[in-house]
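These notes concern the structure reproduced below.
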Amino acid sequence: MKYDQISNKLFIKNRKNFMAQMKPKSVAVFNSNDIFPIGADSTMPFQQARDIFYLTGADQEETMLVLFPDAPNKDHREMLFVRETNDHIAVWEGEKLTKENATEISGIRSIYWLKEFDKIFFEVMTQAERVYFNTNEHYRQSVETETREDRFIQKTKEKFPAHSWERSNPILQRLRSVKDKIEIDLMQQACNITEKGFRRLLNFVKPGVWEYEIEAELMHEFLRNRSRGFAYTPIIASGNSANVLHYIENNQQCKKGDLLLLDVGAEYANYSSDMTRTIPVSGKFSKRQREVYDAVKKVKDDATKMLVPGNYWKEYHEEVGKLMTKALLDLKLLDKADVKNEDPNWPAYKKYFMHGTSHHIGLDTHDYGILWEKMTENMVFTVEPGIYIPEEGFGVRLEDDVVIQKKGEPFNLMGNIPIEAEEIEEIMNK
Numbered sequence: 001m002k003y004d005q006i007s008n009k010l011f012i013k014n015r016k017n018f019m020a021q022m023k024p025k026s027v028a029v030f031n032s033n034d035i036f037p038i039g040a041d042s043t044m045p046f047q048q049a050r051d052i053f054y055l056t057g058a059d060q061e062e063t064m065l066v067l068f069p070d071a072p073n074k075d076h077r078e079m080l081f082v083r084e085t086n087d088h089i090a091v092w093e094g095e096k097l098t099k100e101n102a103t104e105i106s107g108i109r110s111i112y113w114l115k116e117f118d119k120i121f122f123e124v125m126t127q128a129e130r131v132y133f134n135t136n137e138h139y140r141q142s143v144e145t146e147t148r149e150d151r152f153i154q155k156t157k158e159k160f161p162a163h164s165w166e167r168s169n170p171i172l173q174r175l176r177s178v179k180d181k182i183e184i185d186l187m188q189q190a191c192n193i194t195e196k197g198f199r200r201l202l203n204f205v206k207p208g209v210w211e212y213e214i215e216a217e218l219m220h221e222f223l224r225n226r227s228r229g230f231a232y233t234p235i236i237a238s239g240n241s242a243n244v245l246h247y248i249e250n251n252q253q254c255k256k257g258d259l260l261l262l263d264v265g266a267e268y269a270n271y272s273s274d275m276t277r278t279i280p281v282s283g284k285f286s287k288r289q290r291e292v293y294d295a296v297k298k299v300k301d302d303a304t305k306m307l308v309p310g311n312y313w314k315e316y317h318e319e320v321g322k323l324m325t326k327a328l329l330d331l332k333l334l335d336k337a338d339v340k341n342e343d344p345n346w347p348a349y350k351k352y353f354m355h356g357t358s359h360h361i362g363l364d365t366h367d368y369g370i371l372w373e374k375m376t377e378n379m380v381f382t383v384e385p386g387i388y389i390p391e392e393g394f395g396v397r398l399e400d401d402v403v404i405q406k407k408g409e410p411f412n413l414m415g416n417i418p419i420e421a422e423e424i425e426e427i428m429n430k
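Okay, so the sequence shown: first residue is 1 according to the UniProt record's numbering, each after it adds one.
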């Protein structure tokens, strides 16, 4: 992996916290991701399943974690199963984890080869009464591909029908939503890499450049700073393309007078950053562009102040809707009649701002978090209001990643990334 090794203290703590939530005489199992095929002998680049990474730091395919806190055999309370390496694999694929490496990374002492799993797991199941299965219950998930977790669940239910089943996901939703200091430092590193990419762009963007050239500049900067690349598919949208919320073609030429919306972020050590900036292709905002930009910036600043312990995601978004309504009235995009006659289920402001303002971020860009529970210290959220005006040919969105503090306003992980209109113009015109 390109990133520096993470202290195994993080993974030891994460497992301890998870096991503290397990019922007595229970075993929990976590699987790595598959390597997904493209065609012929081609495959997608491997990315580790975030849950097993969160609990072990093992960033390798064909890996399994078994947790059994009440195991009579102390060696079976935490077990990591990895693919057995050999000289042939080392030549063709590169070295895989040795047992010693796996212990160093994860802090788990009991490391076994994957081929030993069935025998050891059978012994464990004779001593356990229930199994925690790891399912994807994210509120935005839409997965049709069968995963290793899916196959393991099906196989285990068939082989051990007398056991009862539990869900790992509710435990992980709560644990992963609150970040450890080590995690916040990793996310700060991802944001710092994103900053380097953005500053590079401010000296590159001008009329005539292509969106894909901008994407290439970012990828260059991300890779040279030990990132795998983009944390998610980048949105590089000039002109009216900014009004397509998930525009990812990135194949248009930037024109004089246009705005360029950049929704991009580097990953680092599997942790995401998620930034949006909107900049003038020609290096200076027009009067109208600046009015809309300043309005979005004010909504963002005011919304950020509401990300404090004790608040709820739903009510927070309702309050941001009020801020946006006022901004749109001031911009003459809405009038009082629009607001008076609005549908409560689709308020008037959603004509110009139709998406949410904030989501959890961490190992996943849209990270785990239970939305109906109170916000707490060390949760990390995006803040990303926008105003989209197809009839005027541009859209503006601004986004930072912030950490909720015990008291006061959140800490902005992107506080060093230029966002003030004057600073952006100054850098672009140097």
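The C-beta atom is built at its ideal place from N, Cα and C for all residues, glycine as well.
Using only CA atoms, which one of N86, S177, G197 and K287 lies nearest to E267?
Looking from the CA of E267, the closest CA among N86, S177, G197 and K287 belongs to G197.
Could you name the residues that DSSP lists as bridge partners for Q253?
W210
Quick check on I404: does DSSP put it in helix, strand or coil?
coil
Whether residue 432 touches G393 by CB criterion (8 Å):
This structure gives no information on residue 432, because the portion of the chain shown stretches from 1 to 430.
Should the region 154-161 be called in touch with the region 39-55, which here means at least 3 C-beta pairs below 8 Å?
no
Rounded separation between G415 and E318 - CA only:
25 Å
Excluding five sequence neighbours on each side, which residues of the same chain lie with their C-beta closer than 6 Å to the C-beta of D12?
Just to set this straight, residue 12 is Ile in the shown sequence, not Asp. The answer, listed in chain order, is G107.
Backbone secondary structure at P280 - three-state DSSP
Under the three-state reduction of DSSP output, P280 falls in the strand class.
In the structure shown, what three-state DSSP assignment does L245 receive?
L245: coil per DSSP, three-state reduction.
Consult DSSP for G393 and reduce its assignment to one of helix, strand or coil.
coil
Span separating the alpha-carbon of E104 from that of N73
Using only the alpha carbons, I get a separation of about 22 Å.
Nearest-angstrom Cα separation, counted from D59 out to Q173:
Looking at the two C-alpha atoms, the distance is approximately 21 Å.
Residue burial classification, M44 (beta-carbon count within 10 angstroms, cutoff 16)
exposed
Helix, strand or coil for P37 per DSSP?
strand
For the pair the region 140-147 and the region 338-347, tell me if three or more CB-CB distances fall below 8 Å.
no
Is the distance from the Cβ of I417 to the Cβ of A295 below 8 Å?
no
Applying the 10 Å Cβ sphere with the 16-neighbour rule, what's the burial state of N270?
Buried: at least 16 other Cβ atoms inside 10 Å.
According to the neighbour-count rule (16 or more other Cβ atoms, all chains shown, within 10 Å of its Cβ), is Q154 buried or exposed?
exposed
Alpha carbon to alpha carbon, how far is N8 from M361? Give it in angstroms, no decimals.
The amino acid at residue 361 is misidentified as Met; the sequence shows Ile. One C-alpha to the other measures close to 22 Å.
Are the beta-carbon atoms belonging to E129 and S164 less than 8 Å from one another?
yes
By the 10 Å Cβ neighbour count, where 16 or more other Cβ atoms means buried, how is Y316 classified, buried or exposed?
buried
DSSP three-state label for E136, please.
The sequence given here places Asn at residue 136; Glu does not occur at that position. In the structure shown, N136 sits in coil (DSSP, three-state: anything other than H, G, I, E or B).
Please go through the same chain and pick out, in chain order, the residues whose beta-carbon is closer than 8 Å to the beta-carbon of L202, but skip the five residues on each side of it.
I279, P418, I424, I427 and M428
Quick one: is H359 buried, meaning 16 or more other Cβ sit within 10 Å of its Cβ, or exposed?
Classification for H359: buried.
May I have the straight-line CA-CA distance separating Y312 from M379, to the nearest angstrom?
12 Å
Can at least three beta-carbon pairs, one atom from the region 365-385 and one from the region 172-190, be found at a separation below 8 Å?
yes
Determine whether the beta carbon atoms of L67 and E78 lie at a separation below 8 Å.
yes
Is the separation between the beta-carbon of S131 and that of E166 shorter than 8 Å?
Sequence check: residue 131 is Val here, not Ser. Yes, the Cβ-Cβ distance between V131 and E166 is below 8 Å.
Same chain only: Cβ atoms within 7 Å of D75, ignoring 5 sequence neighbours per side:
S110
Could you please give me the residues that DSSP links to G386 through a beta bridge?
R397
Helix, strand or coil for Y268 per DSSP?
In the three-state reduction of the DSSP assignment, Y268 falls in the strand class.
Quick check: the Cα distance between F117 and F81, rounded to an integer number of angstroms?
7 Å
Checking 8 Å against the spacing of the C-beta atoms, do A303 and T382 come in under that value?
For A303 and T382, no; Cβs fall outside 8 Å.
Can you list, in chain order, the residues of its chain with a C-beta nearer than 6 Å to that of Y247? Leave out the 5 residues immediately preceding and following it.
I235, A237 and S241
Whole angstroms is fine: what's the gap from W113's alpha carbon to K406's?
One alpha carbon belongs to W113, the other to K406, and they sit about 44 Å apart.
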